Amino acid sequence: MVISPQRNIVSRTWGTSVGKKSVMAVTGGIFLLYVIAHMIGNLKIFFGIETFDAYSQHLREIGEAIFGYEGVLWLIRLVLVTAVVLHMWAAFSLWARAKKARPIGYQHRQSWQGSYAARTMRWGGVIIALFVIWHILDLTTGTVNPLGGDESAYLKLVASFDRWYVALFYIVAVVALGFHIAHGLWSAIQTFGANSALKQHALKTFSYVVAAAITIGFAIVPLSVMTGLVR
Amino acid sequence: MSELQQEPTATQGEGRYVVGDPIADTRAPDSPIGDRWADRKFSARLVNPANRRKMSVIVVGTGLAGGAAAATLGEAGYHVKSFCFQDSPRRAHSIAAQGGINAAKNYRYDGDSVHRLFYDTVKGGDFRSRESNVHRLAEVSLNIIDQCVAQGVPFAREYSGLLDTRSFGGTQVSRTFYARGQTGQQLLLGAYQALERQIAAGTVEMHPRTEMLDLIVVDGKARGIVTRNLFNGQIETHLADAVILCSGGYGNVYYLSTNAKGSNVTAAWRAHKRGALFANPCYTQIHPTCIPVSGEYQSKLTLMSESLRNDGRVWVPKERGDDRPPNDIPEDERDYYLERQYPAFGNLVPRDIASRAAKNMCDAEHGVGPGGLGVYLDFSDAIERLGRPAVEAKYGNLFEMYQRITGDDPYEVPMRIYPAIHYTMGGLWVDYDLRSTIPGLFVGGEANFSDHGANRLGASALMQGLSDGYFVLPTTVADYLADAPFEAVPDDHPDVVEAVEATRERIDKLLSANGHRTVDSFHRELGQLVWDQCGMARSKEGLEKALDRIPSLREEFWRDVKIVGTGDGFNQSLEKAGRVADFMELAELMCMDALHREESCGGHFRVEHQTEDGEAQRDDENFSYVAAWEYGGDNQRPVLHKEDLDFSYVHPSQRSYK
Amino acid sequence: MKLTLRIWRQASPDAKGKMKKYVLDDVEPDMSFLEMLDVLNEKLVLDDEDPVSFDHDCREGICGSCAMVINGTAHGPQKNTTTCQLHMRHFADGDTIDIEPWRAKAFPVIKDLVTDRSAFDEIIKAGGYISVNTGSAPEAHAIPVDKVSADDAFDAATCIGCGACVAACPNGSSMLFTSAKVTHLGLLPQGQPERATRAINMLAKQDELDFGGCTNVGACHEVCPKGIPLASIAQLNHDVLGATLAGARSD
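Protein chains in written order, with the UniProt record's numbering: chain A, 1 to 231; chain B, 1 to 658; chain C, 1 to 251.
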């Protein structure tokens, strides 16, 4: 072995398939934390328009004294965008490697081995990415929102989900997110080497529970709008 | 060597062979037995480390002996070329050994010692092995365990973190180290990894999917091999200063055996035809607990650990040809014949006795299952006595394997078992240094004859393979190489050209027969013949019948075999055909050896030579020797050279298990 | 039993292969899968057709030679079972069975169902050993190994190197194979001095040999005839990341 300071840690990490996986795991972890915070924020919808809009406003004012108005929010956005780029870049790189590793496929379609969630990570990721773009245009910039950009966050949300197809798309996307987390969380734990034969079952269950909680936590909002619980 | 002494007498095979000069081991020092290996190591010449890389050694086979020898010689700095016919050195058949490996560590403090292991092995071999070699084996057993542990072989351990041992094969001490039922696999992977490390270091050049087809002998010295590259069919020559054969045993002469499908005698047989003596070919070992044949298509037999006999009870129906399902046969209509015949040892009699008893029962039409070739091994008493969980804990994986193969559940229905060929004690003759009679040709592992006499004890094969490979060959080969490097042999040397031409001719001849029968059909016929006449019980009449039949079968083979394809590429039928052709020749020598040995010993049971109650009757007066056969030439009688065995430390006695 | 077999036939590494159909009328349920192919081959030879090439040796599930994808599953339908130990009673009269070689760039087809798996030897060569020369070992009891570690090491060490993990992996990754060795040696005290380098070097070799990257799908474990635990992969990840952070890089 060569212990060498010459090549930096970034290239050493990025240079291996495990390194790329660890990049995915770290960035995935960032998303997971963000998503959980986002979900908790969303649930404020049930406390009425004032609470929700105040929360939305508060996001822009965190750390204002140091970072200025919306400073922290932009910082978070910057971290998220960087994470997205790295996450997708690593995913694409591993996907390309997989394509190269099996240039000739099987005639008899391969039987389903391994979990469904694991097999659908790549397309699930694409769905989530497309959704996020729509989601920003809809509820952040308001570009595709019936009420436009400058309205109350609460009203924008309700107006958006009043369109059944938008609500449905949202639900499909959060289900895809659930699958993505179900495998992704476990996979990240495995990538960091924290799995063991004894803990494996518990870790998988834990990942599924987290994924289910997040899926329900998000899906409940459009469902409430559709059923008239929130208006 | 082939100067004739006398015409053989009528009782010795009726002119089928010639008796030549006696032969002796001249390498073992004359010191007390416990000092011999130390003395030999000291007297062995050394090679200057700087010169080693100029000396080349060919190692054929990558099992325990070959893999270990190649790795160790590589570590020492020699230029090693390693060959195996499998696609990777990791697949050599040592990998299939289940039980364990003996070593006289005496960790249990149960009275074990080097001398006791030596004694047990000589006695277990029915006093037909060489004392010097066996004592060395017992000494080296200590180093083997140390070496393997250091390599990371995951032996079974106790909660203390120390190595666990178990008892095995009738010995009274617990000296068998094991890694669940996969000891051979773990030891082989250890040797394989050591070998890969040397390949990485550049000292070993690996040639997988390459089969040795002839030995190149130049000026009386083994200087290389002719190989066929199984990937592309190329015939190649590889030259070196010494050649080591660790190419395994010849159990597949029986077609059905517990050997791997590819296991073959070709390398050893080719060396034999080039002048190396072949010793004791009739000493073959039969394992009593194998899964029986289920049909004509059967391609191999699977062994199940002997430990099953600790709790299983062997029986057959009392009535001949009783084809009721086993559970419908009432207790008083069952014959627990081992318990009846051997009340003292019961179901735990040694391998050869258990095997023969099963055969006798089947010959008397008490056998069960397809073809009546099987006996029951019943666990219902054990399950009742110990409870199913206890039986499961002990034998679960074996029961699973049985069920996987037969489809029967041994917890519900008794297992069916039958003996099968498992190991061959005979092999190329070697002296204490493991030199064959061709200078420069060394033989290790199951391919030589040296350590097990007429019968091998359980858990001793792994010990011998590693002893030869890690410790003996590297010392004795270095001693030989002290005179090297020898004069370079050019590729166009007449002896090289001759060997290559002979190999090509053989292949062309096989391919051009274009007859009507497949290779396997010939192999099955040969196997059946050898099994019937030279298997568990042998008779003069049967052996003579076989000796009359084999040459004509061989002739039919060369005339009528059908191989599709050419020799210019990957061709598995051609590979098989070459191996079967050599088995056809070996079979004759085996039967000859069995016919000439007018006694019963170990795995060799002559029906004419048994005690009143049917036990093996040795004849120490006339047969206390190694029968080393010299190839007499095509269609010529073989020449028998006798090496007298001297027992100064263990005195021959009759085995009894009543 | 009557069976229709569709088998990948490819004359040589460069030849174009295709699935070819064969009908066998006389298959017995007690035959092993390979014995069924033996029967087919005997028939083919007598019909002057090239028999189907397939790797096999011990036929008792330990040498790791046999390797075929049967109806889309590496080693066929029975769990924890190599092809040679699979028996025809798991199929029904009239079944059609598709038989294909392992598919991976690192395992090129040699002929029919035979592939070149020497890439696995390359991975071991890159560090899958403990560097101890013959004769230099300390007394075996000098280093106790706790039973749990010894047992876990054994579980990983049972890998037979058949390559089913690669064949089944949607990424064509050899991670289970590589990690089994890293885990086996990494759990033992004897394996500690080279633990970090071993993981780094073996992984680098695996990546270099055109195996895919692991995405923790778990198909490898599902088809593994020895049931090598997925946690082995975690151990490899752990060792690689630890070594990377500590500043190690591959040779």
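We treat Cβ as the ideally placed atom computed from N, Cα and C, and that holds for glycine. Being a predicted model, the structure only gives us computed values, none of them experimental.
Check the C-beta distance from residue i over to residue j and give it rounded, since I have them as a contact under 8 Å.
i, j, result
"Ser573(B)", "Asp121(C)", "Not confirmed; about 26 Å, so no contact."
"residue 659(B)", "Leu215(B)", "Any question about residue 659(B) goes unanswered here, given that chain B covers just 1 to 658."
"Val57(B)", "Val477(B)", "6 Å"
"Leu586(B)", "Leu441(B)", "About 18 Å; that fails the 8 Å criterion."
"Thr258(B)", "Ala420(B)", "6 Å"
"Ala357(B)", "Leu338(B)", "6 Å"
"Ala212(A)", "Gly178(A)", "7 Å"
So, for residue i: in the same chain, excluding its five sequence neighbours on each side, which residues have a beta-carbon less than 6 Å away from its beta-carbon?
i, result
"Ile23(B)", "Ala628, His641, Glu643"
"Leu86(A)", "Val23, Thr27"
"Thr115(C)", "Pro101, Trp102, Phe107, Val109"
If I measure Cβ to Cβ from residue i and keep anything under 7 Å in the same chain, skipping five residues before and after, which residues do I get?
i, result
"Gly163(C)", "Ala67, Trp102, Phe107, Arg117, Phe120"
"Asp568(B)", "Gly233"
"Phe52(A)", "Lys44, Ile45, Ala153, Tyr154"
"Gly161(C)", "Gly64, Phe120, Phe177"
"Thr73(C)", "Val223"
"Met536(B)", "Ile286, Ser355, Arg356, Lys359, Pro419, Phe605"
"Glu525(B)", "Leu553"
"Ser12(C)", "Lys111"
Counting only the same chain and skipping the five closest in sequence on each side, list residues whose C-beta sits under 8 Å from that of residue i.
i, result
"Ser17(A)", "Leu94, Arg97"
"Leu86(C)", "Ser32, Phe33, Ile70, His75, Gly76, Pro77, Gln78"
Taking its Cβ as the centre, do 16 or more other Cβ atoms sit within 10 Å of residue i, making it buried, or is it exposed?
i, result
"Arg559(B)", "exposed"
"Lys562(B)", "buried"
"Val79(A)", "exposed"
"Phe42(B)", "exposed"
"Tyr116(A)", "exposed"
"Ala37(A)", "exposed"
"Pro288(B)", "buried"
"Arg60(A)", "exposed"
"Ser4(A)", "With a pLDDT of only 47 at Ser4(A), under the threshold of 50, the placement of this residue in the model should not be trusted; the figure read from the coordinates follows. The residue is exposed, with fewer than 16 neighbouring Cβ atoms inside 10 Å."
"Trp8(C)", "buried"
"Val10(A)", "exposed"
"Trp269(B)", "buried"
"Trp315(B)", "buried"
Between the options, which lies nearest to residue i when the distance is taken from Cα to Cα?
i, options, result
"Gly135(C)", "Ser132(B), Asn133(B), Val140(B), Pro350(B)", "Val140(B)"
"Gly633(B)", "Asp593(B), Cys601(B), Leu589(B)", "Leu589(B)"
"Glu498(B)", "Pro389(B), Asn143(B), Ile225(B)", "Ile225(B)"
"Ala461(B)", "Val19(B), Leu162(B), Phe177(B), Val243(B)", "Phe177(B)"
"Asp431(B)", "Tyr402(B), Asp491(B), Leu277(B)", "Leu277(B)"
"Gln180(C)", "Gln190(C), Asp155(C), Gln192(C)", "Residue identity differs from the one stated: residue 180(C) is Ala in this sequence, not Gln. The residue with the shortest Cα to Cα distance from Ala180(C) is Asp155(C)."
"Glu615(B)", "Gly603(B), Asp593(B), Gly369(B), Gln86(B)", "Gly603(B)"
"Ser196(A)", "Asn216(C), Met202(C), Ala234(C)", "Ala234(C)"
"Val50(B)", "Ser31(B), Gly61(B), His79(B)", "Sequence inspection shows Ala at residue 50(B); the Val mentioned does not correspond to that position. Considering only alpha carbons, the answer is His79(B)."
"Thr82(C)", "His184(C), Val69(C), Ala15(C)", "Val69(C)"
"Phe54(C)", "Asp47(C), Glu35(C), Lys43(C)", "Glu35(C)"
"Tyr395(B)", "Phe379(B), Lys576(B), Gly67(B)", "Phe379(B)"
"Asp26(C)", "Gly17(C), Met202(C), Asp14(C), Ala92(C)", "Ala92(C)"
"Val166(C)", "Phe211(C), Thr158(C), Pro189(C)", "Phe211(C)"
"Ile62(C)", "Gly15(B), Ala260(B), Ala194(B), Ala240(B)", "Ala260(B)"
"Leu37(C)", "Asp48(C), His56(C), Ala140(C)", "His56(C)"
Within 7 Å: the Cβ of residue i and any heavy atom of the ligand ATP?
i, result
"Ile199(B)", "The ligand ATP is absent from the structure shown, which contains no ligands of any kind."
Check the Cβ of residue i against every Cβ in chain E and list those closer than 7 Å, keeping chain order.
i, result
"Gly124(A)", "In the displayed structure, chain E is absent; the protein chains listed are A, B and C."
Check your understanding: Taking a cut of 8 Å between CB atoms, which residues from the region 59-77 of chain B lie near chain C?
Key -> The residues in question are Ala68, Ala71, Thr72, Glu75.
Review point. Relative to chain C, which residues along the region 537-565 of chain B have a C-beta separation below 7 Å, given in chain order?
Key: Against chain C - using a Cβ distance shorter than 7 Å - the residues of the region 537-565 of chain B are Lys562, Val564, Gly565.
Point to revise | Near-chain A residues of the region 111-126 of chain C - C-beta to any C-beta below 8 Å | key: Per Cβ criterion, the list is empty.
**Study point:** Positions along the region 231-244 of chain C whose CB lies within less than 9 Å of some CB in chain A
**Key:** Correct list: Ala231, Ser232, Ile233, Ala234, Gln235, Leu236, Asn237, His238, Asp239, Val240, Leu241, Gly242, Ala243, Thr244.
**Study point:** Residues, ordered as in the chain, of the region 572-588 of chain B that lie near chain C by beta-carbon distance below 7 Å
**Key:** Per Cβ criterion, the list reads Gln572, Ser573.
Exercise for review: Give, in chain order, every residue of the region 76-102 of chain A whose Cβ lies closer than 7 Å to some Cβ of chain C.
Suggested key: Residues of the region 76-102 of chain A with a C-beta atom less than 7 Å from some C-beta of chain C are Leu94, Arg97, Ala98, Lys100, Ala101, Arg102, listed in chain order.
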